[in-house]
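Q: Protein chains in written order, with my numbering: chain W, 1 to 392; chain V, 1 to 392. Glycine included, C-beta positions come from ideal geometry on N, C-alpha and C.
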């Protein structure tokens, strides 16, 4: 076995991928994870964080699902970036997801790079990083692993499952795969399947990563390199899709960056260019390129009706969960009509469902931003569900 | 001077860039092109095609402006791809741009790679390809060169200037820079400036090209290589923006490519993936990477009101041109509101203007597709303008 030699820049995320700062649940040979690919993953581990206290009858647990490039540090400082958690404005004492009231769990999805088993983890068969030898994973696999974590924590039924974007997909998957285990669900800025356009943008990103010669067929860790340039381009392309045309125009317009006039060159003349370049370069410092391939693939594969002959309502036929779907009016990645299609299917399945479209020009990323109406809707729904559940 | 050594795949487009199959107008040291960058280009050449006959008083000439990756072969077979011209359904006997009636000119824009001077042309100062030593060009520079070509052909006033996308930008620029030389104008699927989102997508493409190590700081021709992978990724990202979400869903949806079930790998599972990969790989066989950088930059720099204190109506204050603007309802790159902003400015300048929004789900690329309503609008406008101009 070659000892991986790493550049300084690569070492922090990779250390976190293997020895996370958070809690870790290990699943040994006796507890394999059966995958949709028809293979199994074993051993594997899940890195997770919790906030608040689990009550005596274990009825106040909320599972928070993270998005593509998110992690378990929803409300804790991220050890790689040193920045506050990505939902620290939503999770906390007195906040919409109230840590005084609920016990909140957030785990890094399998396939990612913040401590749960993913392509940077060691393949027991070779002693080397899995790279592309890790089976391709699905949203179903992620949620199956999360259910095993809930078993480990002794939680039979979650009071709520909440998540935006890829987190919203997991949230829907929870309600379909484990209808008895989810009292209420809040899928945000998501849909029942990944659209053709969304697959297209993900494919652009994957091709950008794989075009980088430092990707080395996925075996860059052993080579002591990382496909920084390709991953940065992938992130830049994706980032444009997270914001609305109107918000980009409002925030950046055609404003120039640190200059009085056009430079007549290929440096970043416009603020939007230097903003995007920054998004690309800061992303590669915290994320693993192969994990990006695996997680985009999992989203592309998501189509919750596929196992039900394409009839979405049938997927929810056994549901007893109370739903609240949230969309954002300027989200063109997961437009309101995709949430509405889920609402219609839930109606057809006679489920309890409410639906809120938040008016905002901030696009898909609104679920990560301070949107008072969104917070109010979330808090109202959880409070009412908590009453129905008999929580204090 | 090093003789450029080229791979087989690179040779056809490069030969065309230097010795085009079409007509060529050469402009020697006595006729430099003055550039917005404050520099001059000399010598330079313009490769162009014509169809139909110029009438005795030279009043029936129509100038067709091509889009980013278009060329002068609007209605002739493309010598590189062997395919029919990109507007062969629009230009021809009895077609909307009727070759029995009009004399039609289309020239490759400067900065491109089909025979007009661009980054692959030889820099007289070094004997090597210009690469990034070519000054950054603007839409204004392109149109100034086109006006010099009209001088050469002895055409004082064009009956019409027509173009879509980047061609629509040139069309607007013609009416502002040479108000007396354009009797009527048909800017299609364009706007008065490039939006922040559009700059963002172009920047993603440029970064993809420049991230490719075979780009070699732009000097790949001398190196005998070409940044195929980076340029293919750039094209894939751009191509997604040319189509609407609805059209992608209708055409490709989540259909699988040559397989019964998901492959659980990173090959092209979905038709949309293999379609995009094909778009990328066929593009690099016909286009020069540096030309892609220059032309995207020219579009980004386009802001017709900038020289008029941001007051778009002032840009048109001297206009006597009759305008017909065309937009497509599902075009999210140049949405209808951008054409409407031009219409409002023209109204404020008391210009003669009509405006048609074509209902279609086919997105920005609709201007290249068979859209009967679009053809009818174009033909109706030209026929009416021809009558006003006294053309037979």
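1. Please say whether residue 363 (chain W) and residue 242 (chain W) have beta carbons closer to each other than 8 Å?
2. My guess is that residue 16 (chain W) and residue 128 (chain W) are in contact by the Cβ rule of under 8 Å, so how many angstroms apart are they, rounded?
3. At the 8 Å Cβ level, is residue 273 (chain V) part of the contact set with chain W, yes or no?
4. What is the rounded straight-line gap between the Cα of residue 14 (chain V) and the Cα of residue 47 (chain V)?
5. Report yes or no: is there a C-beta of chain W within less than 8 Å of the C-beta of residue 264 (chain V)?
6. Taking C-alpha atoms, which residue in V:240, V:310 and V:120 lies nearest to residue 251 (chain V)?
7. Distance, Cα to Cα, residue 326 (chain V) vs residue 163 (chain W)?
8. Are residue 405 (chain W) and residue 209 (chain W) touching if we call contact CB-CB under 8 Å?
9. Give the interface partners of residue 173 (chain V) over in chain W, defined as CB-CB distance under 9 Å, in chain order.
10. If the criterion is Cβ atoms closer than 8 Å, does the pair residue 32 (chain V) and residue 42 (chain V) meet it?
11. Under 8 Å between C-beta atoms, does residue 91 (chain W) make it to chain V?
12. Kindly list, in the order they appear in chain W, the residues whose Cβ is closer than 7 Å to that of residue 303 (chain V).
13. If you measure from the beta carbon of residue 176 (chain W) to each beta carbon in chain V, is any gap under 8 Å?
14. Which chain V residues are close to residue 387 (chain W), counting only those with a beta carbon under 8 Å from its beta carbon?
15. Grouping DSSP H, G and I as helix and E and B as strand, with all else coil, what is residue 104 (chain W)?
16. Is there a C-beta anywhere in chain V that falls below 8 Å from the one on residue 267 (chain W)?
17. Please report the residue range of the beta strand (DSSP E) in which residue 324 (chain W) lies.
18. At a Cβ cut of 8 Å, what residues of the stretch 182 to 198 of chain W count as close to chain V, listed as they run along the chain?
19. Which runs of the beta strand (DSSP E) spanning at least 3 residues fall entirely within the stretch 168 to 247 of chain V, listed in chain order?
20. Using alpha carbons as the reference points, say which of V:44, V:83 and V:151 lies closest to residue 118 (chain V).
21. In the stretch 101 to 131 of chain W, which residues sit with their C-beta less than 7 Å from some C-beta in chain V, listed in chain order?
22. Note down, in chain order, every chain W residue with its Cβ under 7 Å from the Cβ of residue 230 (chain V).
23. Where does the unbroken beta strand (DSSP E) through residue 352 (chain W) begin, and where does it stop?
24. Which of the three DSSP states is assigned to residue 387 (chain V) in this structure?
25. According to the neighbour-count rule (16 or more other Cβ atoms, all chains shown, within 10 Å of its Cβ), is residue 377 (chain V) buried or exposed?
26. Comparing the C-beta of residue 136 (chain W) with each C-beta of chain V, is any distance below 8 Å?
27. Out of W:254, W:104, W:267 and W:303, state which residue places its alpha-carbon closest to the alpha-carbon of residue 253 (chain V).
28. If you measure beta-carbon to beta-carbon, which residues of the stretch 234 to 254 of chain V are closer than 7 Å to chain W?
29. Would you report the Cα separation of residue 344 (chain V) and residue 255 (chain W), rounded to the nearest angstrom?
30. Check each candidate in W:301, W:366 and W:324 and name the one with the smallest Cα separation from residue 356 (chain W).
31. Rounded to whole angstroms, what is the Cα-Cα separation between residue 70 (chain V) and residue 57 (chain V)?
32. So what does DSSP say about residue 2 (chain V), is it helix, strand or coil?
33. Does any CB atom of chain V fall closer than 8 Å to the CB of residue 279 (chain W)?
34. When the cut-off is 8 Å and only beta carbons count, does residue 15 (chain V) lie next to chain W?
35. Name the chain V residues whose beta carbon is nearer than 7 Å to that of residue 201 (chain W)?
36. Any contact of the stretch 98 to 110 of chain W with the stretch 141 to 148 of chain W, i.e. 3+ C-beta pairs under 8 Å?
A: Once the coordinates are examined:
1. For the purposes of this step, residue 242 (chain W) is taken as residue 242 along the first chain, with counting starting at 1. For the purposes of this step, residue 363 (chain W) is taken as residue 363 along the first chain, with counting starting at 1. Closer than 8 Å, so yes.
2. Mapped onto the first chain, residue 16 (chain W) falls at position 16. Mapped onto the first chain, residue 128 (chain W) falls at position 128. About 19 Å separates the two Cβ atoms, so there is no contact after all.
3. The count along the second chain starts at 1 and reaches residue 273 (chain V) at position 273. Interface residue, yes.
4. The sequence position of residue 14 (chain V) within the second chain is 14, counting from 1. The sequence position of residue 47 (chain V) within the second chain is 47, counting from 1. Cα-Cα distance, rounded: 14 Å.
5. Translated into the one-based positions of the second chain, residue 264 (chain V) becomes position 264. At least one chain W Cβ lies under 8 Å of residue 264 (chain V).
6. Here residue 251 (chain V) refers to the residue found at position 251 when the second chain is read from its first residue. Taking only the C-alpha atoms, the option nearest residue 251 (chain V) is V:240.
7. Within the second chain, numbered from 1, the residue matching residue 326 (chain V) stands at position 326. Within the first chain, numbered from 1, the residue matching residue 163 (chain W) stands at position 163. In a straight line, the C-alpha of residue 326 (chain V) is about 42 Å away from that of residue 163 (chain W).
8. Because chain W is modelled from 1 through 392, residue 405 (chain W) falls outside the range shown and cannot be assessed.
9. In the second chain, the residue the question calls residue 173 (chain V) occupies position 173. Here the premise fails: no neighbours, minimum Cβ distance about 16 Å.
10. On the second chain, position 32 is the one that residue 32 (chain V) refers to. On the second chain, position 42 is the one that residue 42 (chain V) refers to. Yes, the pair counts as a contact, with Cβ atoms nearer than the cut-off.
11. The residue you call residue 91 (chain W) lines up with position 91 of the first chain. No, its Cβ sits nowhere closer than 8 Å to a Cβ of chain V.
12. In the second chain, the residue the question calls residue 303 (chain V) occupies position 303. Result: 254.
13. Here residue 176 (chain W) refers to the residue found at position 176 when the first chain is read from its first residue. Chain V, which has no Cβ nearer than 8 Å to the Cβ of residue 176 (chain W), makes this no.
14. Sequence index remark: in the first chain, residue 387 (chain W) carries index 387 (1-based). Within chain V, no residue has its CB atom less than 8 Å from the CB of residue 387 (chain W), the nearest being about 39 Å off.
15. Residue mapping note: residue 104 (chain W) aligns to position 104 of the first chain, counting from 1. The answer is strand: DSSP assigns residue 104 (chain W) an E or B state.
16. Position 267 of the first chain, counted from the start, is the residue given in the question as residue 267 (chain W). No, no contact with chain V.
17. Your numbering for residue 324 (chain W) matches position 324 in the first chain. Going by DSSP, residue 324 (chain W) is part of the beta strand (DSSP E) stretching over 322 to 328.
18. 193, 194, 195, 196 and 197
19. 182 to 188
20. Working through the second chain from its first residue, we reach residue 118 (chain V) at position 118. The residue with the shortest Cα to Cα distance from residue 118 (chain V) is V:44.
21. Against chain V - using a Cβ distance shorter than 7 Å - the stretch 101 to 131 of chain W contributes no residues.
22. By one-based count along the second chain, residue 230 (chain V) stands at place 230. Those are 211, listed as they occur along chain W.
23. Mapped onto the first chain, residue 352 (chain W) falls at position 352. Residue 352 (chain W) -> beta strand (DSSP E) spans 352 to 358.
24. Residue mapping note: residue 387 (chain V) aligns to position 387 of the second chain, counting from 1. If DSSP states are grouped into helix, strand and coil, residue 387 (chain V) belongs with the helices.
25. Your numbering for residue 377 (chain V) matches position 377 in the second chain. Counting Cβ neighbours within 10 Å, residue 377 (chain V) comes out buried, since at least 16 surround it.
26. By one-based count along the first chain, residue 136 (chain W) stands at place 136. Residue contact check for residue 136 (chain W) against chain V: a CB pair falls below 8 Å.
27. On the second chain, position 253 is the one that residue 253 (chain V) refers to. When only C-alpha atoms are compared, the closest one is W:303.
28. 236, 237, 240, 245, 248, 249, 252, 253 and 254
29. Taking the second chain and counting its residues from 1, the one referred to as residue 344 (chain V) is at position 344. Taking the first chain and counting its residues from 1, the one referred to as residue 255 (chain W) is at position 255. The alpha-carbon atoms of residue 344 (chain V) and residue 255 (chain W) are separated by roughly 23 Å.
30. On the first chain, residue 356 (chain W) is found 356 positions in, with the first residue counted as 1. When each option's Cα is compared against that of residue 356 (chain W), the closest is W:324.
31. Taking the first residue of the second chain as 1, we reach residue 70 (chain V) at position 70. Taking the first residue of the second chain as 1, we reach residue 57 (chain V) at position 57. If I take the Cα positions, the gap works out to 30 Å.
32. Here residue 2 (chain V) refers to the residue found at position 2 when the second chain is read from its first residue. Confidence at residue 2 (chain V) is low in this model, with a pLDDT of 38, below 50, so the placement of that residue is unreliable and no value is reported for it.
33. As a first step, residue 279 (chain W) must be located in the first chain, where it is residue number 279. Chain V, which has no Cβ nearer than 8 Å to the Cβ of residue 279 (chain W), makes this no.
34. Locating residue 15 (chain V) in the second chain gives position 15, counting from the first residue. No, residue 15 (chain V) lies away from the interface with chain W (no Cβ there is under 8 Å from its Cβ).
35. Taking the first residue of the first chain as 1, we reach residue 201 (chain W) at position 201. Those within 7 Å of residue 201 (chain W) in chain V are 240.
36. yes
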